[in-house]
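Protein chains in written order, with numbering that gives the first Met the number 0: chain S, 0 to 327; chain X, 0 to 367; chain B, 0 to 284. The beta carbon of each residue, even a glycine, is placed where N, CA and C say it ideally should be. The structure presented is a predicted model; accordingly, all values stated were derived computationally and were not measured. Okay, so here's the structure we're looking at.
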Amino acid sequence: MDQIVSILVAGGREIFAPTTAAFALAAIGLNFHFGMTGLLNMGHAGFMLLGMYGYAITIREGGPMWLGLIVAVLAAVVFGALLGWPTLKLRGDYLAIVTIAASEFVRFLGRSQALKDLTGGSTGIRGNDFKKPFEALSPFPDRMVQVGPWNIHGSQSSSWWLIVVSWIVVGLFVLLFWRLSRSPWGRVLKGIREDEDAVRSLGKNVYAYKMQALILGGVVGALGGVLWAHANAVQPDSMGRPTTFWIWTLLLLGGAATIWGPVLGSILFWVALVTVRNLAGWLIPESMMTATEREPFSLVLVGVTLMCLVVFRPQGLLGNRRELVING
Amino acid sequence: MTLNRRIVQRALLVFVLAAIAAMAFSVMLGDGAFAAQSAALELVDNTGDAVETTDPAAPTPAGTNRVLQVLLQGTIFGLLLALASVGLSLIYGTTGLSNFAHAEQVSFGAVLTYFLTTKEPVGLPFVPVEFTIGIPLVPAALIAIAVSAGTGWLQDRFLWSPLRRRRVAVVQQMIVSIGLSLALLNLLQWWVGGRRLRLTTAIDQRWVLGPVQVGQQGLISAGIAIACLLGVSYFLLKTRLGRATRAVSDNPALASASGIKVASIVRLVWILAAGLAGLGGVLLGLYEQGTAFDAGARLLLLMFAAVTLGGLGHPFGALVGSLVIGIVTEMSSLWLPTDLKIATALVILIGVLLVRPQGILGRAERVG
Amino acid sequence: MAEATSSARAHFENVPHEAGAPKPDPIIKATGVKRRFGGLTAVDVEHLEVQRNAITALIGPNGAGKSTFFNLLTGFDRPQEGEWFFNGYSLQSRSPAQVARAGMVRTFQLTKALSRMTVMENMRLGAAGQRGENLFRALVPPVWRQQEEDITAKAEELLARFKLDTKKDDYAGELSGGQRKLLEMARALMSDPEIVMLDEPMAGVNPALTESLLDHIVQLREEGVTILFVEHDMHMVRRISDWVVVMAEGRIIAEGPPETVMANPAVQDAYLGAHHDTDLFEERK
Numbered sequence: 000m001d002q003i004v005s006i007l008v009a010g011g012r013e014i015f016a017p018t019t020a021a022f023a024l025a026a027i028g029l030n031f032h033f034g035m036t037g038l039l040n041m042g043h044a045g046f047m048l049l050g051m052y053g054y055a056i057t058i059r060e061g062g063p064m065w066l067g068l069i070v071a072v073l074a075a076v077v078f079g080a081l082l083g084w085p086t087l088k089l090r091g092d093y094l095a096i097v098t099i100a101a102s103e104f105v106r107f108l109g110r111s112q113a114l115k116d117l118t119g120g121s122t123g124i125r126g127n128d129f130k131k132p133f134e135a136l137s138p139f140p141d142r143m144v145q146v147g148p149w150n151i152h153g154s155q156s157s158s159w160w161l162i163v164v165s166w167i168v169v170g171l172f173v174l175l176f177w178r179l180s181r182s183p184w185g186r187v188l189k190g191i192r193e194d195e196d197a198v199r200s201l202g203k204n205v206y207a208y209k210m211q212a213l214i215l216g217g218v219v220g221a222l223g224g225v226l227w228a229h230a231n232a233v234q235p236d237s238m239g240r241p242t243t244f245w246i247w248t249l250l251l252l253g254g255a256a257t258i259w260g261p262v263l264g265s266i267l268f269w270v271a272l273v274t275v276r277n278l279a280g281w282l283i284p285e286s287m288m289t290a291t292e293r294e295p296f297s298l299v300l301v302g303v304t305l306m307c308l309v310v311f312r313p314q315g316l317l318g319n320r321r322e323l324v325i326n327g
Numbered sequence: 000m001t002l003n004r005r006i007v008q009r010a011l012l013v014f015v016l017a018a019i020a021a022m023a024f025s026v027m028l029g030d031g032a033f034a035a036q037s038a039a040l041e042l043v044d045n046t047g048d049a050v051e052t053t054d055p056a057a058p059t060p061a062g063t064n065r066v067l068q069v070l071l072q073g074t075i076f077g078l079l080l081a082l083a084s085v086g087l088s089l090i091y092g093t094t095g096l097s098n099f100a101h102a103e104q105v106s107f108g109a110v111l112t113y114f115l116t117t118k119e120p121v122g123l124p125f126v127p128v129e130f131t132i133g134i135p136l137v138p139a140a141l142i143a144i145a146v147s148a149g150t151g152w153l154q155d156r157f158l159w160s161p162l163r164r165r166r167v168a169v170v171q172q173m174i175v176s177i178g179l180s181l182a183l184l185n186l187l188q189w190w191v192g193g194r195r196l197r198l199t200t201a202i203d204q205r206w207v208l209g210p211v212q213v214g215q216q217g218l219i220s221a222g223i224a225i226a227c228l229l230g231v232s233y234f235l236l237k238t239r240l241g242r243a244t245r246a247v248s249d250n251p252a253l254a255s256a257s258g259i260k261v262a263s264i265v266r267l268v269w270i271l272a273a274g275l276a277g278l279g280g281v282l283l284g285l286y287e288q289g290t291a292f293d294a295g296a297r298l299l300l301l302m303f304a305a306v307t308l309g310g311l312g313h314p315f316g317a318l319v320g321s322l323v324i325g326i327v328t329e330m331s332s333l334w335l336p337t338d339l340k341i342a343t344a345l346v347i348l349i350g351v352l353l354v355r356p357q358g359i360l361g362r363a364e365r366v367g
Numbered sequence: 000m001a002e003a004t005s006s007a008r009a010h011f012e013n014v015p016h017e018a019g020a021p022k023p024d025p026i027i028k029a030t031g032v033k034r035r036f037g038g039l040t041a042v043d044v045e046h047l048e049v050q051r052n053a054i055t056a057l058i059g060p061n062g063a064g065k066s067t068f069f070n071l072l073t074g075f076d077r078p079q080e081g082e083w084f085f086n087g088y089s090l091q092s093r094s095p096a097q098v099a100r101a102g103m104v105r106t107f108q109l110t111k112a113l114s115r116m117t118v119m120e121n122m123r124l125g126a127a128g129q130r131g132e133n134l135f136r137a138l139v140p141p142v143w144r145q146q147e148e149d150i151t152a153k154a155e156e157l158l159a160r161f162k163l164d165t166k167k168d169d170y171a172g173e174l175s176g177g178q179r180k181l182l183e184m185a186r187a188l189m190s191d192p193e194i195v196m197l198d199e200p201m202a203g204v205n206p207a208l209t210e211s212l213l214d215h216i217v218q219l220r221e222e223g224v225t226i227l228f229v230e231h232d233m234h235m236v237r238r239i240s241d242w243v244v245v246m247a248e249g250r251i252i253a254e255g256p257p258e259t260v261m262a263n264p265a266v267q268d269a270y271l272g273a274h275h276d277t278d279l280f281e282e283r284k
């Protein structure tokens, strides 16, 4: 019985954990790309990584928080512009390949020995170097605080303070997405998702709109990265290809092009992942599955989930089937 | 098909551009850390924990001529990469699918060979018993390749052709391949763990050929790769089935209209692609004196770069592209730190898309 | 209808019936336009002028280069050589969007109704100058709300005219083929273009709808819009066009009013020579 309760508690914690919020925010960014505009960005982790590097490096070098955020945003803007410049004129699958390549490139740069002084190499940047300014703002007590069954620190690292802030930020960007998707600007993007030539023939500069969507979504992803870093650390290998694919999975799970899809998807994804891992640990004997095997096991299920989603329910949980089925 | 002067010119142009880019890059980074670079390539599993291994493909101060040595290494690597890439290109050409799970086909061949041949105890997911199979390397490899080819058949039979029949869009199929890639990558990690796997414990005898040095396993791998690539080329050029395959890869609608049974060709392509990928994985595992669950995943970008460079859908383009990528990435280690080797390939990839998206052998698409 | 037609025809009274003939008030002038694909010259138009406020048909056998020429004029393709002007304004290196904004709007052979958007959304997208289409202004609804209402009203009017008003909240993908054609045409009119270029408007449309489409096109001319359309349907061409331009093998081989052009031996040769499947006997009726 106790085991069940602790598994439920652990799973329940994922509902509001900062990592969940960070991924929800990243997924909102991807929603601008894919949900609204049909852009195949397979390198979203790169935006997250650039965001966290931009912020953490600025803070480590002594800059204030607002400057850190500006640097994070600028890094995403530049990255998005560089990515989009050659590829937005090409077919969709080219953008997919280039975005993967570019974000792996960022990761390689980040973990390379040559840039170690700047990025911390493969160990990355420790929390102590950049989390302090944010933590200093916390009105919560500087100790462990118990709320219900969850005992979480008030202000440090993955704290109640971070939880409150990150979900407020998520809420703001959900609002932004809602506002923009119901606006004429959003309408143009949806048209582009359907048929670029038709939209061109109506006098709209398709390239400019795609670039705006790419950059805006990228900036939102970068901010997701900053949030994630505050709950963990800046570590290039945690922002690799698998991370991008998880964001895709949770976006499609919740429902691409919907307002709440990213949030719902992120919550479901993390609750399920953690719960499956814990259940596996509890129910499956060590001889059949060791502790280190639980993580890849749960991720196999993630991969299979993504496949099934795309084939059987591409509109996800919240999506409108008529609006989302992309059959040829 | 004759080796056209224009193609050679374009390939040379890419070399030159890549060399310039690599040099500019190294200037940017401040120093061309040479042989001082520690040859440590870290294997990472999903949780982000690093697993230290050594990278035997890094330019060891062997052989008397560094440039030739690296050129040889690049060529061998390029040949092995070609085995994996040709299939990727054919799949794209015949079905329009950018198959992200192709990387796992490569890993699977190598991992299965390890599973069958290693003298160390191995297990299966969920099964609580460990056992040793220990078949000699060659039969193990052959079985693994046959099974790989079989997985290609299975995939097309039960996943891809049903999806095509249901007229699922290529974009959606691509995302399915991403999910498959994620599932297979983790399945392999679950199966054999994150550590480095040796396919043979025999010591790799190094031979000195003039100014260069090469390992016996590397030489054999290259030889097998050349033989297979020649075989594939012969198939594609001289046999009716091969010509039909090229026709479908070039223009599926037209080929179908000419009476070619596209579905059968596609099935054949999947079998061939998966088998070649498996072979590539095994040979790469021999050449690099070790493999791992993510051997293919680490190659995915290089494969895409090679295939895009050569022209998506053109099998010979994949061959040319792989050689270029192999040589350029290895040679970049003359100027750049070794952990940025792959970065060079990425720069080439982006450059190709900028300048000539259809690749070396592709034809410009008609607009409107 | 007869007087209207004759007043449009009046423009062409003194125009010689030959390829490249100058028109009294040309809205489009194209000179020396060449488009090559590898070794094949798809378009080689020495000179063409399209008369304002009239309905001009562009006909020719399959492969004559009509659609390619269309793409060139509207910016969807780039020629190797040539220049062309719209109201005296050069369109030479303009993008399709710029061409559309200049007042030259086109439809497509394979209808591009945006299937996963509603009919009304399709229409609203066709409007020009909606301030809310700018990313920053979109965030401030008061800036564009009023415009949106005006656009919606205009869309409803056009939809009513094309008898699509009952479908306004349906997804465009749920409409029939003919209805989608009408939607594309209605959408094209949202920006009040000066010239509408229709690429095979009758393709795939059932006969009942054809008549109403023809009437719509004639009415457009009455409202001062110029029409240039590519067609294979000779019935339509004869019914409503004021002027016909014939292309074959990339060149313009004849121009003139429908009756004379059809009787032109060079034109008949072009069609017969290309094994075009027009029923020649129909013309004698």
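- Taking all protein chains shown into account, H234/B has fewer than 16 neighbouring C-beta atoms within 10 Å of its C-beta and is therefore exposed.
- In the DSSP secondary-structure assignment, R35/B is bridged to T40/B.
- C-alpha of T93/X to C-alpha of I264/X: approximately 8 Å in a straight line.
- At least 8 Å separates the beta-carbon of G95/X from that of L271/X.
- Proximity to G149/X across L322/X, F107/X and Y91/X peaks at F107/X, based on C-alpha coordinates.
- At a C-beta separation below 7 Å, N52/B has no neighbours in chain S, since its nearest C-beta there lies roughly 22 Å away.
- The beta carbon of Y208/S is closer than 7 Å to those of V187, L188 and I191 in its chain, skipping five residues each way along the sequence.
- V164/S places its beta carbon 8 Å or farther from that of V262/S.
- In the displayed model, M246/B falls within a strand according to three-state DSSP.
- Between W269/X and Q172/X a beta carbon distance of about 13 Å is seen, past the 8 Å cut, so the two are scored as non-contacting.
- In terms of Cβ geometry, G310/X and S248/X do not form a close pair [threshold 8 Å].
- For G214/X, no alpha helix (DSSP H) segment is defined; the enclosing uninterrupted segment is the beta strand (DSSP E) at V211 to G214.
- Taking 8 Å as the cut-off, the Cβ atoms of F22/S and L249/S count as close.
- Interface flag for N250/X against chain S is unset, since no Cβ pair is found closer than 8 Å.
- Going by C-alpha positions, G217/S is about 33 Å away from L158/X.
- Taking 8 Å as the upper bound on Cβ-Cβ separation, chain S lies near residues S97 of the stretch 94-117 of chain X.
- Counting only runs that start and end inside the stretch 76-110 of chain B, the alpha helix (DSSP H) elements of at least 4 residues fall at 95-101.
- Rounded to whole angstroms, the separation of the alpha carbons of L301/X and I324/X is 7 Å.
- Counting the other CB atoms within 10 Å of its CB gives Y233/X a total below 16, which places it among the exposed residues.
- Under the 8 Å criterion on CB atoms, S180/S is classed as non-interfacial with respect to chain X.
- Per DSSP, L333/X lies in no beta strand (DSSP E) segment and is marked neither H nor E.
- Distance between R238/B and H46/B, taken at the CA atoms: about 26 Å.
- By the C-beta criterion, the stretch 10-29 of chain B is judged not to be in contact with the stretch 324-337 of chain X, since fewer than 3 inter-stretch pairs fall below 8 Å.
- For the pair of segments examined, the stretch 78-93 of chain S was found not to touch the stretch 226-235 of chain S: the number of CB pairs separated by less than 8 Å stays below three.
- For G79/S, the closest Cβ of chain B is not nearer than 8 Å.
- DSSP places I151/S in the uninterrupted beta strand (DSSP E) bounded by W149 to H152.
- Close CB contacts of R293/S within its chain, under the 7 Å cut and outside five residues either way in sequence, are with R276, A279 and G280 (chain order).
- Pairing I54/B with A7/B gives a Cβ-Cβ distance under 8 Å.
- When C-beta atoms of the stretch 115-124 of chain X are compared with those of the stretch 193-200 of chain X, three or more pairs fall below 8 Å, so the two segments count as touching.
- For V146/X, the uninterrupted alpha helix (DSSP H) segment begins and ends at L136 to Q154.
- At least 8 Å separates the beta-carbon of M246/B from that of A112/B.
- The DSSP assignment places no complete run of the alpha helix (DSSP H) inside the stretch 59-85 of chain S (cut-off: 4 residues).
- DSSP places D198/B in the uninterrupted beta strand (DSSP E) bounded by I194 to D198.
- Looking at the DSSP output, R205/X bridges to G214/X.
- With a threshold of 8 Å between beta carbons, N133/B makes contact with chain S.
- With a threshold of 16 other beta carbon atoms within 10 Å, D214/B falls short and is exposed.
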